[in-house]
Amino acid sequence: MKRVVILGSTGSIGRQALEVCRWRGYRVVGLAAGQNLEELSRQIQEWRPLLVAAHESLHGELKARFPGLRLGTPEEVASLEAEVAVAAIPGLAGLGPTWAAARTGKRLALANKEAMVAAGPLLWQEVEAQGAEILPVDSEHSALFQALLGERWEDVAELILTASGGPFLWEPEDLSQVTPAMALNHPRWRMGPKVTIDSATLFNKGLEVLEAKELFRFPLEKIKVLVHPQAYVHGLVRFVDGSLKAQLGPTDMRLPIQYALTYPERAETPLQDLPIPGVLEFFEPDLKRFPALAVAYEAGRRGGVAQVAVSAADEVAVEAFLSGKIPFTEIPKILARVLENTPSLPLTWENLFAVDAWAREEAKRWA
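Numbering (our numbering), first residue to last: 5 to 371.
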């Protein structure tokens, strides 16, 4: 029986990963969550994990509800003996547990894009040193991974990520009047608030471009984005002869989650007979309307700690928008200001954490 730990178990990806574990009959040995007491309690009741990590404010109530429950840190949960760790703690908070899982030689089912964006080369060093592996959970990166199987890297001309366009692809014309409620109403996906806002600004696609650069170790200038409102084609690979391979499927995150857990096998799911859409459209992204995507590309071109800085700044800017402190259109402006002021430093663990802290404070100046 495959053993799995879920990092970020009460979030959208974590809950869907647990559903896949039900489908497959896997044993969930560890859960790491935040402050959602009731959802975490339901998960503990069902899965009886060996170790649980949660916000310190929940410890007393969890011990009262589950006498004998072992509580630890997310890093300790990540280090449990298991075959797979689903890394789904959002933001740079997920980097430590993701790194801990890599140190123990597990398969990383990676849903925390910020970890790869901020620390890709450092994470790969650990993965390769410990004999671990990374399988992407993001639908777009899973699509690219699948399309690249069996192909020679020298035959690849470009990688193409698709974007649904979010809730504001065409309207309203004036994005400065967008409210948090409007931005959280994604037309295709049901996700956590941070990634949903990032999808509305298209910065999420920018993070995915940077993640693809680090995950596949591919040149940034050969990674493109196409807006695809139907969200049925998740990624394409163009080859030097002009041919393309694409991965298509329903807009359901349980598919790429399951693939990361079962690879190289494919297992049946309840989704196998869903209809195929009759129309598939593709458009170039409008960088004037969605400048956050351009900021992400610029961070990727600068290299070093620039990707760390914009990722950290975005967490601050999104939180400020959701709390009503700044308008929607201010988010990419804050990212651009922070990037402009980011010091040119090589990527090391020490520099990573220093620049992360600096970028958050710098973003707060504008938020």
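Glycine included, each C-beta is placed from N, C-alpha and C at the ideal position. Given the structure is predicted, the values throughout are model-derived calculations rather than measurements.
Per DSSP, residue i forms a beta bridge with which residues?
| i | result |
| --- | --- |
| Thr-166 | Leu-230 |
| Glu-137 | Arg-111 |
| Val-160 | Phe-243 |
| Arg-31 | Arg-7 |
| Leu-55 | Gly-34 |
| Val-237 | Leu-252 |
When the Cα of residue i is compared with those of the options, which residue comes out closest?
| i | options | result |
| --- | --- | --- |
| Val-131 | Leu-55, Ala-106, Glu-118 | Ala-106 |
| Ala-185 | Glu-177, Trp-174, Ala-204 | Ala-204 |
| Leu-240 | Glu-158, Val-229, Val-81 | Val-229 |
| Arg-7 | Ile-227, Ile-280, Lys-110, Ser-146 | Lys-110 |
| Leu-259 | Leu-297, Ala-115, Pro-101 | Ala-115 |
| Ser-168 | Gln-20, Leu-284, Gly-76 | Leu-284 |
| Val-141 | Asp-290, Leu-96, Ala-21 | Ala-21 |
| Arg-31 | Ile-10, Asn-40, Ser-45 | Ile-10 |
| Phe-332 | Asp-318, Gly-196, Ala-303 | Asp-318 |
| Ile-93 | Val-199, Leu-163, Leu-139 | Val-199 |
| Leu-4 | Ala-298, Asn-355, Ala-358, Ala-187 | Examination of residue 4 is not possible in this model, given that the chain is present from 5 through 371 alone. |
| Glu-366 | Val-314, Pro-53, Pro-350 | Val-314 |
| Ala-271 | Cys-25, Gly-12, Ser-13, Gly-15 | Cys-25 |
| Arg-19 | Leu-62, Glu-79, Val-90 | Val-90 |
| Ala-122 | Val-322, Ala-316, Arg-369 | Ala-316 |
| Glu-302 | Glu-344, Asp-290, Val-320, Lys-329 | Glu-344 |
| Ala-298 | Tyr-236, Leu-351, Val-213 | Val-213 |
| Pro-223 | Gln-134, Ala-161, Ala-300, Leu-73 | Ala-161 |
| Gly-98 | Val-81, Glu-225, Arg-28 | Val-81 |
| Ala-321 | Glu-50, Gly-95, Leu-112 | Gly-95 |
| Gly-100 | Ala-86, Met-195, Met-120, Glu-87 | Met-120 |
| Ile-338 | Ala-113, Arg-364, Val-231 | Arg-364 |
| Leu-54 | Ser-61, Gly-76, Thr-14, Asn-355 | Gly-76 |
| Glu-50 | Val-33, Gln-181, Gly-38 | Val-33 |
| Ala-113 | Gln-129, Pro-125, Leu-126, Ser-143 | Ser-143 |
| Pro-176 | Thr-273, Ile-330, Arg-293, Ser-348 | Arg-293 |
| Trp-27 | Thr-273, Leu-291, Gly-304 | Thr-273 |
| Lys-249 | Pro-78, Ala-340, Leu-152 | Leu-152 |
| Gly-38 | Ala-340, Tyr-236, Gly-196 | Gly-196 |
| Val-237 | Val-312, Leu-73, Asp-256, Ala-86 | Asp-256 |
| Gly-328 | Ile-280, Ala-371, Trp-362, Pro-350 | Ala-371 |
| Leu-291 | Glu-23, Val-231, Arg-192 | Val-231 |
| Ile-17 | Arg-194, Gly-124, Arg-52, Phe-220 | Arg-194 |
| Thr-102 | Ile-201, Leu-139, Arg-74 | Leu-139 |
By the 10 Å Cβ neighbour count, where 16 or more other Cβ atoms means buried, how is residue i classified, buried or exposed?
| i | result |
| --- | --- |
| Asn-360 | A small correction: the amino acid at residue 360 is Asp; Asn does not occupy that position in the sequence shown. By the 10 Å Cβ count, Asp-360 comes out buried. |
| Leu-84 | buried |
| Gly-346 | The sequence as given places Thr at residue 346; Gly does not occur at that position. With 16 or more Cβ atoms within 10 Å of its Cβ, Thr-346 is classed as buried. |
| Asn-208 | buried |
| Gln-276 | exposed |
| Thr-183 | exposed |
| Pro-336 | buried |
| His-59 | exposed |
| Asp-159 | exposed |
| Phe-287 | exposed |
| Met-5 | exposed |
| His-63 | exposed |
| Glu-65 | exposed |
| Ala-36 | buried |
| Gln-251 | buried |
| Trp-353 | exposed |
| Trp-157 | exposed |
| Glu-215 | buried |
| Gln-262 | buried |
| Lys-117 | buried |
| Glu-218 | buried |
| Ser-348 | exposed |
| Ser-180 | exposed |
| Pro-350 | exposed |
| His-289 | First, the amino acid is wrong: residue 289 is Pro here, not His. The residue in question, Pro-289, is buried, as its Cβ has 16 or more Cβ neighbours within 10 Å. |
| Pro-281 | exposed |
| Asp-178 | exposed |
key: Any beta strand (DSSP E) of 3 or more consecutive residues that is wholly inside the region 60-109   = 88-91
Legend entry - In chain order, each alpha helix (DSSP H) run of at least 4 residues that lies wholly inside the region 242-324: 258-266, 295-306
Is the region 44-51 touching the region 63-79, taking contact as three or more C-beta pairs under 8 Å?
yes
Residue ranges of each alpha helix (DSSP H) run of no fewer than 4 residues wholly in the region 177-235, ordered along the chain?
The qualifying runs are 184-187, 197-205, 207-219.
| said: Is it the case that the region 261-276 contacts the region 303-314, given that we only count it when at least three CB pairs across the two stretches are under 8 Å? | reply: Here the region 303-314 does not lie against the region 261-276, with fewer than 3 beta-carbon pairs under 8 Å apart.
- Query: Does the count of Cβ pairs from the region 244-256 and the region 208-222 closer than 8 Å reach three?
  - Reply: no
Worksheet item: Counting Cβ pairs, one atom from each stretch, are 3 or more of them under 8 Å apart for the region 169-176 and the region 141-156?
Response: No, because fewer than three Cβ pairs between the region 169-176 and the region 141-156 fall closer than 8 Å, the two stretches do not touch.
Which ranges would you report for the alpha helix (DSSP H) in the region 325-363 if only whole runs of at least 4 residues count? 334-345
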